[in-house]
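See structure below.
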Amino acid sequence: MMRYGRGVALLVVDVQNDFMDPRGTLAVAGAPLIVPVINREIALARDAGSLVAYSQDWHPKRTPHFARDGGPWPMHCVHDTWGAEFFPTLDVPVGAPLVRKGTNGEDGYSAFTMRDADTGGSVPTPLGMLFYEAGVEAVVVVGVATDYCVKASALDALHLGYSATVLTDAVAAVNVAPGDGDRALEELAAEGVVVTSTIAR
Ligand code: VGL
Ligand code: ZN
């Protein structure tokens, strides 16, 4: 079961109130249930010397990501609001590396890359450089949402040359259409991401 060690990073994706709390504006069903599982992975990773990095969805009030400006989503994770804060029971060690995406109105879902709202070009977040400098070779992805940021981050990890794992009991899906989360996991597995549960042996 030794998933972690030097060369392996754990990426904790968007465990924020708007997704995790039932009062959040984009609440993901069942999301609070994955937090203890994620916390256990964080502890295992740290004990094994793995880098543990966190991402946050971090939007301005007006962005083409939100419905009122032509996008698909209700307002969520607006910078410096309750909805954008980490879910309170998530373990976040002081000084842990944190990547915020969307800060300048960029769109997209991956923790590694964003889409510039004006040019449509791809903009890297600091995560790639952080992993490069830490000698990361493999990335384990947990958090929300399976069908958006988890999926996009795991695919980007593969395309950047890392091996990638998604832990099925440590992710939760928005499921805009029923089954989106399961389809995302199937797609990831087909692309070469290791899709497994934390209790698989
Ligand atoms: C996400 C929808 C909109 C995510 C972010 O974190 O998966 N999903 N913004
Ligand atoms: Zn968002």
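If you read the sequence shown in our numbering, its first letter stands for residue 474, the second for the next number, and so on. Beta carbons are placed, not taken as given, at the ideal position from N, Cα and C, and that holds for glycine.
Of the candidates P505, T498, M475, E514, the residue whose Cα lies closest to the Cα of L483 is E514.
Runs of alpha helix (DSSP H) with 4 or more residues, each lying fully within the region 494-531, are found at 508-520, listed in chain order. Beta-bridge partners of G568 (DSSP): none assigned. Contact between A590 and Q489 is absent: CB atoms are separated by about 21 Å, not below the 8 Å threshold.
By the criterion of a C-beta distance shorter than 8 Å, V551 is surrounded in its chain by H532, P533, K534, A557, once the five residues flanking it on both sides are discounted. If you check the CB distance, L571 and Y605 do not come in under 8 Å. When DSSP reads this structure, S595 sits in a beta bridge with R588. Residues of the same chain with a CB within less than 8 Å of the CB of L640, apart from the 5 flanking positions on each side, are V510, E514, V613, V614, V615, T669, S670, T671 in chain order.
With three or more CB-CB distances shorter than 8 Å, the region 654-669 counts as touching the region 617-632.
Counting only runs that start and end inside the region 606-665, the alpha helix (DSSP H) elements of at least 4 residues fall at 624-632, 653-664. Relative to the ligand ZN, the beta carbon of D542 is positioned no closer than 7 Å to any heavy atom. DSSP places F560 outside both helix and strand once states are collapsed to three, so it counts as coil.
Excluding sequence positions up to five before and after H538, its CB lies within less than 7 Å of the CB of H532, G544, W546, G575, D580, all in the same chain and listed in chain order. C-alpha of T592 to C-alpha of E660: approximately 28 Å in a straight line.
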